[in-house]
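Novice: Residue numbers (the working numbering), protein chains in the order written: chain A, 99 to 461; chain B, 99 to 461. Backbone N, C-alpha and C fix where the C-beta goes; we use that ideal spot for every residue, glycine too. Values in this document were obtained by computation on a predicted structure and should not be read as measured data.
There are 2 protein chains.
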Amino acid sequence: MKRKNHEILNKIKDLANETLEAVKRGDNPVMRIPMRSLRNVEFDVEQGLIRMGDRYQERFFFHQGMAKKFMQSFLVASAIMELLEADKTTSIRDLFYMTKHTIGKGENTFDDQSESDPIIEDLEVTLKALREELHLFASNRGTMVGNITLVDAGDTIDCRRQGSGGWGIPSIVEPDVIKFKRSEADFVLLVEKDAVWRRLNEDKFWKKYNCIMIQSQGQPSRGVRRLIRRLHDELELPVYVLVDNDPWGLYIYSVVKQGSINLAYESVRMAIPHARFLGLAFDDRERFELPHEVTIALNDKDVKRAKEMLSYPWFKKKHWQKEIKGMLDSGLKLELEALSARGITFISHEYLPEKINNSMYLS
Amino acid sequence: MKRKNHEILNKIKDLANETLEAVKRGDNPVMRIPMRSLRNVEFDVEQGLIRMGDRYQERFFFHQGMAKKFMQSFLVASAIMELLEADKTTSIRDLFYMTKHTIGKGENTFDDQSESDPIIEDLEVTLKALREELHLFASNRGTMVGNITLVDAGDTIDCRRQGSGGWGIPSIVEPDVIKFKRSEADFVLLVEKDAVWRRLNEDKFWKKYNCIMIQSQGQPSRGVRRLIRRLHDELELPVYVLVDNDPWGLYIYSVVKQGSINLAYESVRMAIPHARFLGLAFDDRERFELPHEVTIALNDKDVKRAKEMLSYPWFKKKHWQKEIKGMLDSGLKLELEALSARGITFISHEYLPEKINNSMYLS
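1) How many Å lie between residue 179 of chain A and residue 422 of chain B at the Cα?
2) Could you name the residues of the region 250-280 of chain A whose beta carbon sits closer than 9 Å to any beta carbon of chain D, in the order they occur along the chain?
3) How would you list, in chain order, the residues of chain B whose beta-carbon sits under 8 Å from the beta-carbon of residue 196 of chain A?
4) Skipping 5 residues on each side, what residues in its chain have a beta carbon closer than 6 Å to that of residue 413 of chain B?
5) In this structure, how does DSSP classify residue 407 of chain B when only helix, strand and coil are distinguished?
6) Over the uninterrupted alpha helix (DSSP H) stretch that includes residue 194 of chain A, give me the two end residues.
7) Give a yes or no on whether the C-beta atoms belonging to residue 376 of chain A and residue 305 of chain A are separated by under 8 Å.
8) Comparing C-alpha positions only, which one of A/235, A/146, A/160, A/113 sits nearest to residue 131 of chain A?
9) Please list the residues of the region 389-415 of chain A that have a C-beta atom closer than 9 Å to any C-beta atom in chain B, keeping them in chain order.
10) Please check if any C-beta of chain A sits within less than 8 Å of the C-beta of residue 102 of chain B.
11) Within a Cβ cutoff of 8 Å, which residues of the same chain sit near residue 411 of chain B, ignoring the five residues on either side of it in sequence?
12) Can you find a C-beta in chain B that's less than 8 Å from the C-beta of residue 184 of chain A?
13) According to the neighbour-count rule (16 or more other Cβ atoms, all chains shown, within 10 Å of its Cβ), is residue 243 of chain A buried or exposed?
14) 8 Å is my cut-off, CB to CB: does residue 187 of chain A come that close to chain B?
15) Could you compute how far the alpha carbon of residue 425 of chain B sits from the alpha carbon of residue 404 of chain B?
16) Cutting at 8 Å between CB atoms, please list the residues of its own chain near residue 273 of chain A, excluding the five before and the five after it.
17) Taking buried to mean at least 16 other C-beta atoms within 10 Å of its own C-beta, is residue 344 of chain A buried or exposed?
18) Using the beta-carbon of each residue, which ones in chain A are nearer than 8 Å to residue 447 of chain B?
19) Cα separation between residue 101 of chain A and residue 108 of chain A?
20) Ordered along the chain, which non-local residues of its own chain (more than five positions away) have a Cβ less than 6 Å from that of residue 195 of chain A?
21) Output the boundary residues of the beta strand (DSSP E) element that contains residue 123 of chain B.
22) Residue 256 of chain B to residue 248 of chain B, Cα distance in whole Å?
23) Identify the contact partners of residue 191 of chain A in chain B, using a Cβ-Cβ distance below 8 Å as the criterion.
24) Taking only runs that begin and end inside the region 269-323 of chain B, name each unbroken alpha helix (DSSP H) of 4 or more residues, in chain order.
25) Can you tell me which of B/271, B/310, B/150, B/214 puts its alpha carbon nearest to the alpha carbon of residue 280 of chain B?
26) Counting only the same chain and skipping the five closest in sequence on each side, list residues whose C-beta sits under 7 Å from that of residue 473 of chain B.
27) Of all Cβ atoms in chain B, is any one closer than 8 Å to the Cβ of residue 161 of chain A?
28) Could you tell me the alpha carbon to alpha carbon distance between residue 428 of chain A and residue 397 of chain A, rounded to whole angstroms?
29) Note down, in chain order, every chain B residue with its Cβ under 8 Å from the Cβ of residue 235 of chain A.
30) Where does residue 433 of chain A land, buried or exposed, given buried means 16+ other C-beta within 10 angstroms?
31) What does residue 199 of chain A touch in chain B if you count any residue whose Cβ is under 7 Å from its own?
32) Between the region 277-297 of chain B and the region 186-193 of chain A, are three or more C-beta pairs nearer than 8 Å?
33) Out of curiosity, what's the CA-to-CA distance linking residue 222 of chain B and residue 284 of chain B?
34) Count the other C-beta atoms from every protein chain shown that fall within 10 angstroms of the C-beta of residue 162 of chain A, then say buried if there are 16 or more, exposed otherwise.
35) Under 8 Å: do the region 349-358 of chain A and the region 154-173 of chain B share three or more Cβ pairs, one atom per stretch?
36) Run the CB neighbour count on residue 238 of chain B, radius 10 Å, all protein chains shown included, and call it buried at 16 or more, exposed below.
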């Protein structure tokens, strides 16, 4: 069995043994679960990422309000053991069905997936393991091309020869599944939109500018975030993020950079504090002489979101305040596709080269 | 220039020349555009697909209500010429930005993409060309693995060695981009859900049962539909569709099989009338002894959709009426993941083999 599987199996067994010991001692068995609420989230200025504090909650077995969740926790842990022992992976939806059954007088172990998902998150923090290490996957999304060869589940994937479609990024990209083999790339370019990525792939941008190009179809999936983090750490590649100039684009960058508040416990292994925001920036419209007609007015929701972002600790730096206020003052947003108003290949041949060659990024 | 590009460029030029001729003759220039409304859609029983009738609308240049659309049609046609001449492809969102500008006294050529998209569809039917042949792409979605080697934009892709991620299916899969090279596969399996596809890929189902496995992440994209149609036509492979047992799953199958009502003009090159519905079927629950707890009650919307489907001409056959009524009578639906209640690999090792080996499909 793989070392990592073994390690996590042991943690689950420890959890079970502690409970058994408590029963033998005649104590009330208890699980200590780190708290995932906002109260227990803090921004680690030194590391530059959102992380979980050290508060935890206690879940008792002999407790009317907690007994069911206690049972559910062990039921899910036992299904995860089954996965690890068989070296199989599955979706969180599957896990719900695997653990759903009727006990006692017709009561369901779970009625709904909204009950089993938080239990999985409880186990993630309790066992200090990423969901992927528990062999559970989220939906996969995102594709990749560029100057790298990797091994995926034993198959060698040359990302220089992945055609127009690219290699589909799986949900689980831990080192036991995905190994990096050879890369001469100078950086990673993460593009929010698949249409823009395809434009760049058609123009073979990655070849000319020696990079790895990933598209995330909106907010990057866990697999994409974890893969970029590994490329950044293990191959020491800078990561550039290219998004629309709107609050949603900024939020995508923010999650890549610092992690999300909801899933703070994952930041340590997913966030990339040094990720570079390449654009679109609020002053690109002027700098690249884009016509006014391609701009879109910010709506109330945009304004609200942008104002929230002004108060994020990691956007407190002067240049970020200027960037976000610039967007708010102009009252305008801009999509990546708007660059096409200057020509089909403007983004590949002018916009990106000028930005990258002149280090025009925020960080 | 590629032959196909040339052919379509000529059609656009013909359109432009006819208009110029009309101007020279002093006539009112007119475009004749096949109608895309429900009134002009019919089910071709012999061919087994939904197709467009021969009604058309006339769009005049000298006409207060039509002049703008006439101008927009030529503006879009001209942008498409630019794409074809440069042999570049782009998204319909890009095209909107490429053609959006201000004319005369501050009037926009387009205010919104909802204005340019129907113009693209008008041109598709007028020029009798798929959107992809006009070098426009929709979003890409879906991945593929299995016993086939293909060439994508000059790169050889061996789908037997695509790891856990698979090859990302591009939006444009026409023969000038994607060429089939070598395949020993016996059939194509289209799976609605990526989580299920990953289960099957992890179990190397495609290897054991010698097939090509595609996941569509819900309703298949145009690229996925067109690719499967090409595999079916050119390699003479039967296509099996595996979806949830609910009205949405049936609808996915229905679109793969007969095409959609909204885009009837595409059916001729996208629909697969002989596609086989493998499951989930309403009686799988009983046949495969799935516990009652994994079923979900149909809601009002489900019931309404299922009843609509009873009246589709292509579901009039006795076995289809039985299938849909079976679902309605039971009042239950069933997700593919529910099979996991019988074990992680139940779908790979028992469900699919039994279904396929015994030809338990509907068509």
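Specialist: Let me lay it out:
1) Working through the first sequence from its first residue, we reach residue 179 of chain A at position 81. Working through the second sequence from its first residue, we reach residue 422 of chain B at position 324. Note on geometry: alpha-carbon atoms of residue 179 of chain A and residue 422 of chain B lie some 39 Å from one another.
2) The structure shown contains no chain D; its protein chains are A and B.
3) What you label residue 196 of chain A is simply residue 98 of the first sequence in a count that begins at 1. The answer, in chain order, is 438, 439, 442.
4) For the purposes of this step, residue 413 of chain B is taken as the residue at position 315 of the second sequence. Excluding residues within five positions, the ones whose Cβ falls inside 6 Å are 407.
5) Counting from one through the second sequence, the residue named residue 407 of chain B turns up at place 309. The answer is helix: DSSP assigns residue 407 of chain B an H, G or I state.
6) Counting from 1 along the first sequence, the entry for residue 194 of chain A is found at position 96. Residues 190-197.
7) In the first sequence, residue 376 of chain A corresponds to position 278, counting from 1. In the first sequence, residue 305 of chain A corresponds to position 207, counting from 1. Not closer than 8 Å, so no.
8) Counting from 1 along the first sequence, the entry for residue 131 of chain A is found at position 33. Of the listed residues, the one whose Cα sits closest to residue 131 of chain A is A/113.
9) The residues in question are 389, 390, 391, 392.
10) On the second sequence, residue 102 of chain B is found 4 positions in, with the first residue counted as 1. For residue 102 of chain B, the closest Cβ of chain A is not nearer than 8 Å.
11) Here residue 411 of chain B is taken as the residue at index 313 of the second sequence, counted from 1. 141, 143, listed in sequence order.
12) Taking the first sequence and counting its residues from 1, one reaches residue 184 of chain A at position 86. Yes, because at least one Cβ of chain B sits closer than 8 Å to the Cβ of residue 184 of chain A.
13) Taking the first sequence and counting its residues from 1, the one referred to as residue 243 of chain A is at position 145. Buried is the call here.
14) One-based indexing of the first sequence puts residue 187 of chain A at position 89. Output row for residue 187 of chain A: interface = yes.
15) For this step, residue 425 of chain B is matched to residue 327 along the second sequence. For this step, residue 404 of chain B is matched to residue 306 along the second sequence. Spanning the alpha carbons of residue 425 of chain B and residue 404 of chain B requires a straight line of approximately 8 Å.
16) What you label residue 273 of chain A is simply residue 175 of the first sequence in a count that begins at 1. Same-chain partners within the cutoff: 328.
17) Position 246 of the first sequence, counted from the first residue, corresponds to residue 344 of chain A. Counting the other Cβ atoms within 10 Å of the Cβ of residue 344 of chain A gives 16 or more, which makes it buried.
18) Stepping through the second sequence from its first residue, residue 447 of chain B is reached at position 349. Proximity of chain A to residue 447 of chain B at the Cβ level (cut-off 8 Å) is not reached, the minimal Cβ distance being about 12 Å.
19) For the purposes of this step, residue 101 of chain A is taken as residue 3 along the first sequence, with counting starting at 1. For the purposes of this step, residue 108 of chain A is taken as residue 10 along the first sequence, with counting starting at 1. Distance between the alpha carbons of residue 101 of chain A and residue 108 of chain A: 11 Å.
20) As a first step, residue 195 of chain A is located in the first sequence; it is residue number 97 there, counting from the start. Excluding sequence neighbours, residue 195 of chain A sits near nothing in its chain.
21) As a position in the second sequence, residue 123 of chain B is number 25, starting the count at 1. Not the beta strand (DSSP E): residue 123 of chain B falls in the alpha helix (DSSP H), residues 101-123.
22) Start at 1 with the first residue of the second sequence, and residue 256 of chain B comes out as number 158. Start at 1 with the first residue of the second sequence, and residue 248 of chain B comes out as number 150. Between residue 256 of chain B and residue 248 of chain B, the C-alpha separation is close to 7 Å.
23) Working through the first sequence from its first residue, we reach residue 191 of chain A at position 93. Within chain B, the residues near residue 191 of chain A are 293, 433, 435.
24) Complete alpha helix (DSSP H) runs here, min 4: 292-300, 303-306.
25) Within the second sequence, numbered from 1, the residue matching residue 280 of chain B stands at position 182. Checked all of B/271, B/310, B/150, B/214; the closest Cα to residue 280 of chain B is B/310.
26) An answer regarding residue 473 of chain B cannot be provided, because it is not within the stretch 99 to 461 covered by chain B.
27) Translated into positions along the first sequence, residue 161 of chain A becomes position 63. No, no contact with chain B.
28) Numbered from its first residue, the first sequence carries residue 428 of chain A at position 330. Numbered from its first residue, the first sequence carries residue 397 of chain A at position 299. If I take the Cα positions, the gap works out to 12 Å.
29) Here residue 235 of chain A is taken as the residue at index 137 of the first sequence, counted from 1. Neighbours of residue 235 of chain A on chain B, chain order: 293, 296.
30) Against the first sequence, residue 433 of chain A aligns to sequence position 335. With 16 or more other Cβ atoms within 10 Å, it is buried.
31) Taking the first residue of the first sequence as 1, we reach residue 199 of chain A at position 101. Within chain B, the residues near residue 199 of chain A are 389, 391.
32) Contact holds: three or more Cβ-Cβ distances are below 8 Å.
33) For this step, residue 222 of chain B is matched to residue 124 along the second sequence. For this step, residue 284 of chain B is matched to residue 186 along the second sequence. Taken atom to atom, the span from the alpha-carbon of residue 222 of chain B to that of residue 284 of chain B is near 34 Å.
34) Stepping through the first sequence from its first residue, residue 162 of chain A is reached at position 64. Residue 162 of chain A should be labelled exposed.
35) Contact fails: fewer than three Cβ-Cβ distances are below 8 Å.
36) Against the second sequence, residue 238 of chain B aligns to sequence position 140. In the assembly as shown, residue 238 of chain B is a buried residue. Its beta-carbon has 16 or more other beta-carbons within 10 Å.
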